[in-house]
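Shown next, in structure tokens, is the structure this report addresses.
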Amino acid sequence: MDSLFETINKIISSPLWTLALYVLAFCLVGLWLALIFWTFKDARKRIDDPIIVGVAVLTSLVLPYMGTVIYAILRPAEYLAETRERELEVRAMEQELQIMRACPSCGELIRPEYVACPNCRRTLRSICPACERVQEPGWKLCPYCGHDPRVKRVAPPTDEDTQFWVAED
Ligand SMILES: [Zn+2]
Ligand SMILES: [Zn+2]
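No gaps in the numbering here: position 159 of the sequence shown is 331 in the working numbering, and each next residue is one more.
Shown next as structure tokens:
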């Protein structure tokens with residue numbers, strides 16, 4: 173037994189052992205500092221409130237390794253940029269739904285610029301035959317070009333007509 177203790181004592185007191193301990197301690201401290209830095213970087217991307225970011229970093233600092241593990245479990249699932257992007261998408265979708273109306277025949281959602289329902293083929297609005305712009309249902313004439321469907325316009329005289337009149341004189 174004595175020789176065993178002696179061997180252990182020799183190993184512990186050897187400079188190589190001390191060096192190994194230093195290297196181990198250095199690595200552990202380095203990893204700890206890296207984890208604190210990682211917590212700071214990650215928390216800033218996920219958390220808007222600087223106080224909560226500070227608490228997360230402090231937890232990593234006070235509780236080496238464990239603090240970072242706790243942060244990794246409790247941290248918000250998505251980045252702030254992703255959250256903002258999703259909010260914008262939802263808002264855009266809501267706006268789109270607000271401007272869309274329902275088809276009076278089948279209830280299909282239709283955009284304001286549609287002239288017919290893509291689902292039941294119902295004509296929703298007409299198109300001016302003269303300028304081909306979309307007409308609102310209540311319009312009596314086309315406000316863009318003045319085309320009035322009730323007024324039958326007399327065609328302006330052509331060159332042939334003029335020639336005929338000249339010839340008759
Ligand atoms: Zn329809
Ligand atoms: Zn027109």
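Every residue gets a Cβ at the ideal spot worked out from N, C-alpha and C, and that includes glycine.
Under the assumption that residue i contacts residue j (Cβ atoms under 8 Å), give the Cβ distance between them as a whole number of angstroms.
{"i": "residue 289", "j": "residue 296", "result": "6 Å"}
{"i": "residue 213", "j": "residue 251", "result": "Actually they do not touch by this definition, with Cβ atoms about 12 Å apart."}
{"i": "residue 284", "j": "residue 294", "result": "So it is not a contact: roughly 16 Å between Cβ atoms."}
{"i": "residue 237", "j": "residue 204", "result": "7 Å"}
Tell me whether residue i counts as near ligand 1, meaning its Cβ is closer than 7 Å to at least one heavy atom of that ligand.
{"i": "residue 285", "result": "no"}
{"i": "residue 277", "result": "yes"}
{"i": "residue 297", "result": "no"}
{"i": "residue 314", "result": "no"}
{"i": "residue 317", "result": "no"}
Can you tell me whether residue i is buried or exposed, with buried defined as 16 or more other CB within 10 angstroms of its CB?
{"i": "residue 239", "result": "buried"}
{"i": "residue 232", "result": "buried"}
{"i": "residue 192", "result": "exposed"}
{"i": "residue 229", "result": "buried"}
{"i": "residue 243", "result": "buried"}
{"i": "residue 184", "result": "exposed"}
{"i": "residue 253", "result": "exposed"}
{"i": "residue 259", "result": "exposed"}
Kindly indicate which residue of the options has the alpha-carbon position closest to the one of residue i.
{"i": "residue 256", "options": "279, 225, 219, 236", "result": "219"}
{"i": "residue 314", "options": "279, 254, 300", "result": "300"}
{"i": "residue 278", "options": "291, 285, 267", "result": "291"}
Can you determine whether any heavy atom of ligand 2 sits closer than 7 Å to the C-beta of residue i, and answer yes or no?
{"i": "residue 302", "result": "yes"}
{"i": "residue 292", "result": "no"}
{"i": "residue 305", "result": "yes"}
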